[in-house]
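There are 2 protein chains.
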Amino acid sequence: MSIKFAILGILSFQPSTGYELKKIIEDSSVMYWSGNNNQIYKSLVQLLAEGLATNEVRHQESAPSKKIYTITAEGLSELRSWTLSAPEPPEFKKSFLTQLAWADRLSPDELDGLLGIYEEEVGSRLFMQQEKTRRGDAFAPKRTPRETYLWTMIEENVHSFYLSEWQWVRNLRKELQNNDAFKEVKP
Amino acid sequence: MSIKFAILGILSFQPSTGYELKKIIEDSSVMYWSGNNNQIYKSLVQLLAEGLATNEVRHQESAPSKKIYTITAEGLSELRSWTLSAPEPPEFKKSFLTQLAWADRLSPDELDGLLGIYEEEVGSRLFMQQEKTRRGDAFAPKRTPRETYLWTMIEENVHSFYLSEWQWVRNLRKELQNNDAFKEVKP
DNA sequence: GGTGTCATGTAAACAGTTACATGATTTT
DNA sequence: AAAATCATGTAACTGTTTACATGACACC
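Line by line, the protein sequences give chains A and B. 14 is the number that the numbering used here gives to position 32 of the first sequence; each next residue is one higher, with no gaps. 35 is the number that the numbering used here gives to position 53 of the second sequence; each next residue is one higher, with no gaps.
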């Protein structure tokens, strides 16, 4: 899936500038791109060329002028047919698991320290995700009861990703601490 | 994290050819690269240049000759210091969540169908992961009790990723089916 | 006779990140 | 005086995938 559909989706909710799209994508946990300029401004040019969006330049005093992009009817139908297309399976990148895979050369203390750092890192993501939901400051269209429910469940999904990772590492750490068989150091 | 450390890790367990590395990486759920030639053969050349591995060409009758790569002492110490370095936070890419985010334009039946396909897709990954563990055919060094435990917990982590996604989508689907407030169609 | 395994590599394309560039205004 | 916000864009690089290329043998 390309960033193009993420942009089309946002435009289907509200006309936006590249700058606004960047910010929305940047602090969304679901839309996983970094939200860098290169991708966004290039995609917008492409959407124009494909006739999926139009833009309108608005000049401003005391601020740079901006281009407000609006989705077209073709854009809406392209978006709709994409939402109906076969879903891609979920993927993860946990480089920490590869790190752990070769961590048997570490001493018990070194390993526990490593797990501690990971626990903290994951814990802080978990906390930030909870805060975002609690404050309700996340970008979230709520046009129908169903849409509201869907967006709640999307945030719930992200939350449970971090929660289960956090529980997993805490449990692993505890087990390593409590079982003396794991404390033998390799020659 | 680059594929370089995944390769160094495997080499720290057993000397291997590029072809063998490719297969191990390809069917590992943890090492998330596609295992394509380009990356592997280039990385091996680089590891040689950095003195982290050496190779030995073995000519074979009735099969192409192969290059067996062996990790060096510097390679081992590089690997060790990497395992001690600050872990990266876990990441996910679930393009399906973005798809769902804009799915309120779909009819209840279309949405249920979409969720059904995702449920099946995730279910089959979950099943394959369980089978891999059950058959015990996954690549897994078991040199000490601790290493055995670590690799078990790594597989457990992958398993629970798919399991919680599966439970999430089943629950979402059921709720949408049971609550009539979600069955109103937008004008 | 076609497909699969063993085994190495290259070319081209696409996706994604970081950093650069400009410039006014507002906040600390 | 420095940093952040608004706003658009480009350049260079890295990472990743798909496809191409070769060739022998084994299995169905």
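C-beta atoms are modelled at their ideal positions from N, C-alpha and C, and glycine is treated no differently. Model, not experiment: these values are computed from the prediction.
Check                                                                                                                           : Outcome
8 Å CB neighbourhood of E101 (chain A) in its chain, flanking five on each side removed                                         : W148, V151, R152, R155
Under the three-state DSSP convention, the category E70 (chain B) falls into                                                    : coil
K124 (chain A) in three-state terms, based on DSSP                                                                              : coil
Extent of the continuous beta strand (DSSP E) run through E38 (chain A)                                                         : 35 to 40
Under 8 Å from the C-beta of I136 (chain B): neighbouring residues of chain A                                                   : L79, L82, A83
Within-8 Å CB hit, I115 (chain A) to chain B                                                                                    : Here residue 115 (chain A) is Thr; the residue named in the question, Ile, does not match the sequence. No - not a single Cβ of chain B is within 8 Å of the one on T115 (chain A).
Start and end residues, alpha helix (DSSP H) containing K5 (chain B)                                                            : 0 to 8
Within 8 Å, strictly: CB atoms of V104 (chain A) and V12 (chain A)                                                              : no
Interface flag, D86 (chain B) vs chain A, CB-CB below 8 Å                                                                       : yes
Reference S16 (chain B), options B:G98, B:A(-12), B:G57, closest by Cα                                                          : B:A(-12)
Within chain A, partners of P71 (chain B) - CB distance below 7 Å                                                               : E103, V104, R107
Helix, strand or coil at Y51 (chain A) [DSSP, three-state]                                                                      : strand
Whole-angstrom C-beta distance between F(-5) (chain A) and P123 (chain A), which should lie under 8 Å                           : 5 Å
Proximity below 8 Å, CB of T115 (chain B) to CB of E129 (chain B)                                                               : no
Whole-number beta carbon distance between T65 (chain B) and W84 (chain A), since they are thought to touch under 8 Å            : 5 Å
Inter-stretch contact (C-beta, 8 Å, three-pair minimum) for the segment -1 to 10 of chain B and the segment 41 to 50 of chain B : yes
Bridge partner(s) assigned by DSSP for K75 (chain A)                                                                            : B:E73
Where N18 (chain B) meets chain A, residues with beta-carbon distance less than 8 Å                                             : Result: empty, since nearest Cβ-Cβ is about 16 Å, beyond 8 Å.
Sequence-distant residues of the same chain with beta carbon closer than 6 Å to E8 (chain B), five excluded per side            : G17
Segment limits, alpha helix (DSSP H) that includes P90 (chain A)                                                                : 90 to 117
DSSP state of S59 (chain B) mapped onto helix, strand, coil                                                                     : helix
Cβ-based burial, D119 (chain B) [other Cβ within 10 Å; buried from 16]                                                          : exposed
Pairwise C-alpha distance: K165 (chain A) and D94 (chain A)                                                                     : 11 Å
Cβ of K5 (chain A) within 8 Å of any chain B Cβ                                                                                 : no
Interface residues of chain B facing E92 (chain A) [CB-CB closer than 8 Å]                                                      : L66
From B:L34, B:H41, B:P72, residue whose alpha carbon lies closest to that of A55 (chain B)                                      : B:L34
Residue of B:G98, B:Y144, B:M135 minimising C-alpha distance to Q111 (chain B)                                                  : B:Y144
Secondary structure of M135 (chain B), DSSP reduced to three states                                                             : helix
Beta-carbon gap between L82 (chain A) and L132 (chain B) smaller than 8 Å                                                       : yes
Within 8 Å, strictly: CB atoms of E73 (chain B) and K75 (chain A)                                                               : yes
For A163 (chain A) and P127 (chain B), believed in contact at Cβ under 8 Å, the rounded distance                                : 5 Å
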